[in-house]
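Novice: This structure is in structure tokens; I'll ask about it shortly.
Residue numbers (our numbering): 87 to 299.
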């Protein structure tokens, strides 16, 4: 019964992530492109890296893409500083109340449950018990990054519009203008999204295949 819970998670997260990936690209870039032609190339690449490289290959790709993703996120947040207005951050409690804040925090908090994938991956480490601090630090840094990004979005777009947008981070990047002529940095955000989805799907494809076997 315990294994069934894991199986349901593995088999449901992959199509959900693929659907979100497809919807975002269709909204931002490929409005008239059928979703299957966006999903299929990603699936083929994920299957290739999982089959040919396994967890070792996925790890090496992550070592390359990880710093690039981090630097791109840092670039977007840094260039958005000129658009922030501090008065948009307050008051957040008086306008919404504790109930609305907790309700809004539940969907992103659910992503912390994805950390259970490291339980499966830990068996491939030479010393599995030494992997725990890295998992904890990884979750903590990712959570802080999401918090910082959300604060920047609210400071840039405002809390009222942010709560009604599907992809507020990408909307924030559209407002970036450096020196008056460097614009359209939302393309960087799309690269961040594609690279992150690729790593995430590759890990889950491996975990799903290995767990099922």
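C-beta atoms are modelled at their ideal positions from N, C-alpha and C, and glycine is treated no differently.
#1: Are the beta-carbon atoms belonging to residue 225 and residue 103 less than 8 Å from one another?
#2: Just confirm the distance between the C-beta atoms of residue 108 and residue 133, as a whole number of angstroms; I'd bet it's less than 8 Å.
#3: So, are the CB atoms of residue 174 and residue 232 less than 8 Å apart?
#4: Could you tell me the alpha carbon to alpha carbon distance between residue 87 and residue 259, rounded to whole angstroms?
#5: CB-CB under 8 Å to residue 294, same chain, minus the five flanking residues each way: which ones, in chain order?
#6: DSSP three-state label for residue 158, please.
#7: For residue 272 and residue 261, what's the separation of their Cα atoms in angstroms?
#8: Going straight from the alpha carbon of residue 135 to that of residue 287, what length do you get?
Specialist: Based on what the coordinates show:
#1: The residue given as residue 225 occupies position 139 in the chain shown. The residue given as residue 103 occupies position 17 in the chain shown. Result no, Cβ atoms of residue 225 and residue 103 do not sit closer than 8 Å.
#2: Numbered from its first residue, the chain shown carries residue 108 at position 22. Numbered from its first residue, the chain shown carries residue 133 at position 47. Contact flag wrong, Cβ pair sits at about 17 Å.
#3: Along the chain shown, one-based indexing puts residue 174 at 88. Along the chain shown, one-based indexing puts residue 232 at 146. The criterion of a C-beta distance shorter than 8 Å is not satisfied by residue 174 and residue 232.
#4: Within the chain shown, residue 87 is the residue found at index 1, counting from 1. Within the chain shown, residue 259 is the residue found at index 173, counting from 1. Distance between the alpha carbons of residue 87 and residue 259 is about 45 Å.
#5: Within the chain shown, numbered from 1, the residue matching residue 294 stands at position 208. 96, 97 and 100, listed in sequence order.
#6: As a first step, residue 158 must be located in the chain shown, where it is residue number 72. Residue 158 sits in a helix when the DSSP states are folded into three classes.
#7: Stepping through the chain shown from its first residue, residue 272 is reached at position 186. Stepping through the chain shown from its first residue, residue 261 is reached at position 175. Roughly 9 Å separates the two Cα atoms.
#8: For the purposes of this step, residue 135 is identified with residue 49 of the chain shown, where counting begins at 1. For the purposes of this step, residue 287 is identified with residue 201 of the chain shown, where counting begins at 1. Roughly 10 Å separates the two Cα atoms.
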